[in-house]
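Have a look at the structure below before the remarks.
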Amino acid sequence: MKCVRIHVRGVVQGVGFRPFVYGLALENGLSGWVRNTSGSVEIEVEGAAEPVDRFVRELEAKAPPMARIEDVSVATFEAQGHAGFEIRESLSEEGRYQLVSPDIATCSDCLGEILSTDDRRYRYPFTNCTNCGPRFTIIEDIPYDRPKTTMRRFKICPDCQSEYDDPLDRRFHAQPNACPKCGPSLLLTDSQGANVDCDDAIQAAAALLREGKVLAVKGLGGFLVACDATDPGVVTLLRERKRRGSKPFAVMMTTLDEVREHCLVSTEDAELLTSPQAPILLLPWKDQSSVCREVAPGIRHLGVMLSYTPLHHLLMRETGLPLVMTSGNLSEEPIAKDNDEALARLGDIADYFLLHNRDIYARYDDSVFEVRAGVPQAIRRARGYAPYPVFLPFKARQVLACGAEEKNTFCLTREEHAFVSQHIGDMENEETLESYLDAIKLYQTLFRVEPEVVAYDMHPEYLSTKYAMDLKAEAGGDGLLFVPVQHHHAHLSSCLAENQVTEDAIGVVLDGTGYGTDGTLWGGDFLFGGFRSFTRMGHLEYVPMPGGAAAIAKPYRMALGYVYSLLGPDASLEGLPLDEFLRPEELGVVRQQLARGVNCPLTTSAGRLFDAVSALVGVRGTVDYQAQAAIELEALAPDDAFSMDLAPYPFGINAQGDVTVVRLGELVAAVVDDVRDRVAPALISARFHLTMARLVLDMCRLIAGRTGVRLAALSGGVFQNRLLHRLVCTALKEDGFRVLTHRLVPCNDGGISLGQAVIAHFAAG
Ligand code: ZN
Ligand code: ZN
Ligand code: FE
Numbered sequence: 125m126k127c128v129r130i131h132v133r134g135v136v137q138g139v140g141f142r143p144f145v146y147g148l149a150l151e152n153g154l155s156g157w158v159r160n161t162s163g164s165v166e167i168e169v170e171g172a173a174e175p176v177d178r179f180v181r182e183l184e185a186k187a188p189p190m191a192r193i194e195d196v197s198v199a200t201f202e203a204q205g206h207a208g209f210e211i212r213e214s215l216s217e218e219g220r221y222q223l224v225s226p227d228i229a230t231c232s233d234c235l236g237e238i239l240s241t242d243d244r245r246y247r248y249p250f251t252n253c254t255n256c257g258p259r260f261t262i263i264e265d266i267p268y269d270r271p272k273t274t275m276r277r278f279k280i281c282p283d284c285q286s287e288y289d290d291p292l293d294r295r296f297h298a299q300p301n302a303c304p305k306c307g308p309s310l311l312l313t314d315s316q317g318a319n320v321d322c323d324d325a326i327q328a329a330a331a332l333l334r335e336g337k338v339l340a341v342k343g344l345g346g347f348l349v350a351c352d353a354t355d356p357g358v359v360t361l362l363r364e365r366k367r368r369g370s371k372p373f374a375v376m377m378t379t380l381d382e383v384r385e386h387c388l389v390s391t392e393d394a395e396l397l398t399s400p401q402a403p404i405l406l407l408p409w410k411d412q413s414s415v416c417r418e419v420a421p422g423i424r425h426l427g428v429m430l431s432y433t434p435l436h437h438l439l440m441r442e443t444g445l446p447l448v449m450t451s452g453n454l455s456e457e458p459i460a461k462d463n464d465e466a467l468a469r470l471g472d473i474a475d476y477f478l479l480h481n482r483d484i485y486a487r488y489d490d491s492v493f494e495v496r497a498g499v500p501q502a503i504r505r506a507r508g509y510a511p512y513p514v515f516l517p518f519k520a521r522q523v524l525a526c527g528a529e530e531k532n533t534f535c536l537t538r539e540e541h542a543f544v545s546q547h548i549g550d551m552e553n554e555e556t557l558e559s560y561l562d563a564i565k566l567y568q569t570l571f572r573v574e575p576e577v578v579a580y581d582m583h584p585e586y587l588s589t590k591y592a593m594d595l596k597a598e599a600g601g602d603g604l605l606f607v608p609v610q611h612h613h614a615h616l617s618s619c620l621a622e623n624q625v626t627e628d629a630i631g632v633v634l635d636g637t638g639y640g641t642d643g644t645l646w647g648g649d650f651l652f653g654g655f656r657s658f659t660r661m662g663h664l665e666y667v668p669m670p671g672g673a674a675a676i677a678k679p680y681r682m683a684l685g686y687v688y689s690l691l692g693p694d695a696s697l698e699g700l701p702l703d704e705f706l707r708p709e710e711l712g713v714v715r716q717q718l719a720r721g722v723n724c725p726l727t728t729s730a731g732r733l734f735d736a737v738s739a740l741v742g743v744r745g746t747v748d749y750q751a752q753a754a755i756e757l758e759a760l761a762p763d764d765a766f767s768m769d770l771a772p773y774p775f776g777i778n779a780q781g782d783v784t785v786v787r788l789g790e791l792v793a794a795v796v797d798d799v800r801d802r803v804a805p806a807l808i809s810a811r812f813h814l815t816m817a818r819l820v821l822d823m824c825r826l827i828a829g830r831t832g833v834r835l836a837a838l839s840g841g842v843f844q845n846r847l848l849h850r851l852v853c854t855a856l857k858e859d860g861f862r863v864l865t866h867r868l869v870p871c872n873d874g875g876i877s878l879g880q881a882v883i884a885h886f887a888a889g
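Basically our numbering = 1-based index in the sequence shown + 124.
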């Protein structure tokens, strides 16, 4: 006889873990008990040695799909003589916290039920079980029990209750358990909120979609706005109503086979698409796809996701079309989550509303991923991922890191957990700020974090920085430590932290813009350091941004900034495709701004260099969304360009002094010459990307020579450029560098909060 006591930590509550343990114990003929505690699941089992060992092995190997096991500890005891196996009352321990499961896509069992005519949940859009369904978005506090979720208003019926009580049922203790008799229900309304008379809301909604209407559909973490993705008319209309310019939409499809009709899907892509997280995945878009180009103009990749709630499954099947499914918001506002809010905010966008009465507690956008070299990389991290933590290579103080301005996330740390929030959005309006404050409060409650340190970006104008300053004013001189963190130091540290690397590295940070320690705008910077400190070893040459922020929206202005500052104030624009954007009066203004240095902040930004080249080549002079000029420049480069033996453009490295500067005059002159010589834009794009990779390699070699370290961490939003990412990784690895890249958190500013948090932890001593 053998008796063991087991502690399991991780996401092990609310995911069917106890019934799984119960079943596993019965299967192996073992006796004992299992119970939830505040921080873990405790198990005691006894029986013959061999089945006990098998039980321990299978505990991890066969765990339910939503469980995420972090740690299993096993201790052997005297046999206790248990009779049978029981699920014991939960034990709550003051101050302990537990991980909360993200929301997870409908499981195959639940899907089977809603599609079978003889099931009591046939066509029921709120079907869920312990292996799937809403979690984080409905939880107000822990422990995770129905009264602490937005399901509390629904009184469970006897049938659902008996499932809930049966340890062998997959709905044992499924808090959101529901059926058509007792659970949430749908309502179809027009844009004024008036009921649409129909027998079946899903059939009626599908008919409207097929007619070319725009529908707002309440989902897991907010409203999505849907329309027929094959109809250019309605897609264009939706763009206008959402004031979205040409920013790409995501498309929802029903099956993996359907996705394959529209996109190239690798094995890893397929795995991620059909995973319980079911993110939006960027996939190479086939020419013969019936999804209209208006969905993602000028781009060779399409963002695709599969249905991830029963409501989507039913609606998609009924509609029989790929549907645009985009966040229910206007421009950059946060996603709408409540019925009244949606009707008020989306009334001018959607023709009809498919509503339901299960409240959403936390806003939760769809996650966006891309698989690179077989490895999934987060571009936007939210549904299915947050609030699952990033694991740190050390035990952290309790830190609140406020994040950046664009693509904001915040991060709270405790022990080895970094709770990076779901994507909050661009902090440019009151609504987003409110949603940020709500989410901070929720995370502090759920994970019982009382920050002792607050980290924030050095940019004085970021709303997240202003929030930190408010906290500082509130705290007075009391206790809390406030740590300003340089933006690109945060990028570097974020990459190191998620890779669990604690040593110093070369930080290649190619970014839009971030506030430097000297008050200038950095963004093409080569750092050396780690969590404790960094040195700016080098950077791209400073150039003026004529008009400041205006130069970000108008890449042609950046092109003028590069041309006039690097090639001289009398450089000719002849033969350059700038006339189409540039009115003569504006040219005069810009030249004056440049000559006098008025409203021309200096930047080392790599993002702005991509913008300028894109404008010089004639790809994009103005942008509708962030990085559009660079994305379309990248899309031009032929896939096989790099087997064509292209030479990089010339550039200079000025290694005198403490800080090495990459001179860009020759590069810009060569691009201008190529444009005048009518070299194909595709080729210029390819050569330019190659040049950037070459320049990174040369800088890394130089810094490795000075530091003796051949470890490079790549971060910053410019690395979302897959071509650049691939070229830089290849060049560095071939040269013997160890290369770290982002996977779990985005390389863009969505990853900043993680870096801030680790830096602040060490700054606190
Ligand atoms: Zn399920
Ligand atoms: Zn029921
Ligand atoms: Fe950044």
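Heads up, the beta-carbon is just placed ideally off N, CA and C, and yes, glycines get one too.
Item to check | Neighbourhood of residue 360 by C-beta, 7 Å cutoff - its chain only, sequence neighbours within 5 removed | outcome: Residue mapping note: residue 360 aligns to position 236 of the sequence shown, counting from 1. 418.
Checklist entry - Which residue from 612, 674, 637 puts its Cα closest to that of residue 651? => result Stepping through the sequence shown from its first residue, residue 651 is reached at position 527. Of 612, 674, 637, the residue nearest in Cα terms is 612.
Checklist entry - Between residue 299 and the rest of its own chain, which residues show a CB-CB distance below 7 Å, the 5 nearest in sequence each way excluded? => result If you number the sequence shown from 1, residue 299 lands on position 175. So the qualifying residues of the chain are 138, 268, 269, 270, 273, 275.
Checklist entry - DSSP state of residue 553, grouped into three classes? => result For this step, residue 553 is matched to residue 429 along the sequence shown. Under the three-state reduction of DSSP output, residue 553 falls in the coil class, being neither helix nor strand.
Next on the checklist: Would residue 884 and residue 499 qualify as a contact pair, given that the criterion is a beta-carbon distance under 7 Å?
Outcome noted: Translated into the one-based positions of the sequence shown, residue 884 becomes position 760. Translated into the one-based positions of the sequence shown, residue 499 becomes position 375. Cβ distance not < 7 Å, so residue 884 and residue 499 don't count as in contact.
Checklist entry - Between the region 290-306 and the region 242-250, do at least 3 Cβ pairs fall closer than 8 Å? => result Touching, per the Cβ criterion.
Checklist entry - For residue 357, which residues does DSSP report across the bridge? => result Within the sequence shown, the letter at position 233 stands for residue 357. In the DSSP secondary-structure assignment, residue 357 is not bridged to any residue.
Checklist entry - What three-state label does DSSP hand residue 433 in the structure shown? => result Sequence index remark: in the sequence shown, residue 433 carries index 309 (1-based). Secondary structure of residue 433 (DSSP, three-state): coil.
Checklist entry - residue 357: buried (16+ other C-beta within 10 angstroms of its C-beta) or exposed? => result If you number the sequence shown from 1, residue 357 lands on position 233. Exposed: under 16 other Cβ atoms inside 10 Å.
Item to check | Length-filtered (4 minimum) alpha helix (DSSP H) runs lying within the region 561-631 | outcome: The region 561-631 contains these whole alpha helix (DSSP H) runs: 587-599, 611-622.
Next on the checklist: Suppose only complete runs of 3+ residues qualify. What are the beta strand (DSSP E) ranges in the region 626-697, listed by chain order?
Outcome noted: Scanning the region 626-697 for uninterrupted beta strand (DSSP E) segments of 3 residues or longer gives 629-639, 645-653, 658-664, listed from N- to C-terminal end.
Next on the checklist: Assuming residue 851 and residue 813 are in contact, meaning their beta carbons sit under 8 Å apart, how far apart are those beta carbons, in whole angstroms?
Outcome noted: For the purposes of this step, residue 851 is taken as the residue at position 727 of the sequence shown. For the purposes of this step, residue 813 is taken as the residue at position 689 of the sequence shown. 6 Å between Cβ atoms; contact.
Checklist entry - Grouping DSSP H, G and I as helix and E and B as strand, with all else coil, what is residue 874? => result Your numbering for residue 874 matches position 750 in the sequence shown. Looking at residue 874 - three-state DSSP - the assignment turns out to be helix.
Checklist entry - Quick one: any contact between the region 372-380 and the region 479-487, if contact means 3 or more CB pairs under 8 Å? => result They do not touch, by the three-pair rule.
Next on the checklist: With a threshold of 8 Å on Cβ separation, who are the neighbours of residue 846 within its own chain once the five nearest residues in sequence on each side are excluded?
Outcome noted: Sequence index remark: in the sequence shown, residue 846 carries index 722 (1-based). 494, 496, 758, listed in sequence order.
Next on the checklist: Would you say the beta carbon of residue 873 is closer than 6 Å to some non-hydrogen atom of ligand 3?
Outcome noted: Locating residue 873 in the sequence shown gives position 749, counting from the first residue. Inclusion of residue 873 in the 6 Å shell around ligand 3 follows from its C-beta lying nearer than that to a non-hydrogen atom of the ligand.
Checklist entry - When you compare only the Cα positions, how much space is there between residue 805 and residue 508? => result By one-based count along the sequence shown, residue 805 stands at place 681. By one-based count along the sequence shown, residue 508 stands at place 384. Between residue 805 and residue 508, the C-alpha separation is close to 40 Å.
Next on the checklist: Which residue wins for smallest C-alpha separation from residue 572, given the options 760, 409, 264?
Outcome noted: What you label residue 572 is simply residue 448 of the sequence shown in a count that begins at 1. Closest by alpha carbon: 264.
Checklist entry - Which residues in the same chain as residue 691 place their Cβ atom closer than 8 Å to its Cβ, once the five residues preceding and following it in sequence are excluded? => result For the purposes of this step, residue 691 is identified with residue 567 of the sequence shown, where counting begins at 1. Once the five neighbours on either side are set aside, the close Cβ partners of residue 691 are 789, 792, 793, 796.
Checklist entry - Regarding residue 635 and ligand 3, is the C-beta to nearest heavy atom distance less than 6 Å? => result Translated into the one-based positions of the sequence shown, residue 635 becomes position 511. Flag set: Cβ of residue 635 near ligand 3.
Item to check | Cβ contact (3+ pairs, closer than 8 Å) linking the region 280-287 and the region 594-605 | outcome: Output reads no: the region 594-605 does not touch the region 280-287.
Next on the checklist: Our contact map puts residue 874 next to residue 547 with C-beta atoms below 8 Å; I'd like the distance itself, whole angstroms only.
Outcome noted: Here residue 874 refers to the residue found at position 750 when the sequence shown is read from its first residue. Here residue 547 refers to the residue found at position 423 when the sequence shown is read from its first residue. With a beta-carbon spacing of about 6 Å, residue 874 and residue 547 fall inside the 8 Å limit used to define contacts.
Checklist entry - DSSP on residue 440, reduced to helix/strand/coil? => result Position 316 of the sequence shown holds residue 440. In the structure shown, residue 440 sits in a helix (DSSP, three-state: H, G or I).
Next on the checklist: Taking 7 Å as the limit between beta carbons, can you name the residues of its chain near residue 431, skipping five residues before and five after?
Outcome noted: Start at 1 with the first residue of the sequence shown, and residue 431 comes out as number 307. Counting only Cβ-Cβ distances below 7 Å, and skipping sequence neighbours, we find 376, 378, 437, 440.
Checklist entry - Whose CA, out of 862, 294, 538, 311, lies closest to the CA of residue 821? => result Against the sequence shown, residue 821 aligns to sequence position 697. Here the closest residue by C-alpha is 862.
Checklist entry - Does the Cβ of residue 217 have 16 or more other Cβ atoms within 10 Å, making it buried, or fewer, making it exposed? => result Locating residue 217 in the sequence shown gives position 93, where the first residue counts as 1. Taking every protein chain shown into account, the CB of residue 217 has fewer than 16 other CB atoms within 10 angstroms, so this residue is exposed.
Item to check | According to DSSP, residues forming a beta bridge with residue 305 | outcome: Here residue 305 is taken as the residue at index 181 of the sequence shown, counted from 1. In the DSSP assignment, residue 305 forms no beta bridge with any residue.
Checklist entry - Do residue 514 and residue 848 come within 7 Å of each other at the CB atom, strictly closer than that value? => result Walking along the sequence shown from the start, residue 848 turns up at place 724. Walking along the sequence shown from the start, residue 514 turns up at place 390. Against a cut-off of 7 Å, the Cβ pair of residue 514 and residue 848 comes out as no contact.
Next on the checklist: Following a CB-centred definition, is residue 186 positioned closer than 6 Å to any heavy atom of ligand 5?
Outcome noted: With respect to ligand 5, the structure offers nothing, as its ligand set consists of ligand 1, ligand 2 and ligand 3.
Next on the checklist: Let's see if you can read the secondary structure: which residues bound the beta strand (DSSP E) around residue 476?
Outcome noted: Numbered from 1 along the sequence shown, position 352 holds the residue referred to as residue 476. Unbroken beta strand (DSSP E) run through residue 476: 476-480.
Next on the checklist: By the three-class DSSP mapping on this structure, what secondary structure does residue 154 have?
Outcome noted: One-based indexing of the sequence shown puts residue 154 at position 30. Looking at residue 154 - three-state DSSP - the assignment turns out to be coil, as it is neither helix nor strand.
Next on the checklist: Whole angstroms are fine: how far does the CA of residue 721 sit from the CA of residue 831?
Outcome noted: Looking up residue 831 in the sequence shown gives position 707. Looking up residue 721 in the sequence shown gives position 597. Cα to Cα, the separation comes out at about 37 Å.
Checklist entry - For residue 337, which option in 321, 684, 362, 205 has the closest C-alpha, if you only look at C-alpha atoms? => result Position 213 of the sequence shown, counted from the start, is the residue given in the question as residue 337. Nearest Cα to residue 337 within the set 321, 684, 362, 205: 362.
Next on the checklist: Measuring straight from C-alpha to C-alpha, what distance separates residue 765 and residue 809?
Outcome noted: Within the sequence shown, the letter at position 641 stands for residue 765. Within the sequence shown, the letter at position 685 stands for residue 809. Straight-line measurement puts the Cα of residue 809 at about 10 Å from the Cα of residue 765.
Checklist entry - According to DSSP, what are the bridge partners of residue 501? => result For the purposes of this step, residue 501 is taken as residue 377 along the sequence shown, with counting starting at 1. Bridge partners of residue 501: 494.
Next on the checklist: Considering only their Cβ atoms, is the gap separating residue 141 from residue 165 smaller than 7 Å?
Outcome noted: Along the sequence shown, read from residue 1 onward, the residue named residue 165 stands at position 41. Along the sequence shown, read from residue 1 onward, the residue named residue 141 stands at position 17. Result yes, Cβ atoms of residue 165 and residue 141 sit closer than 7 Å.
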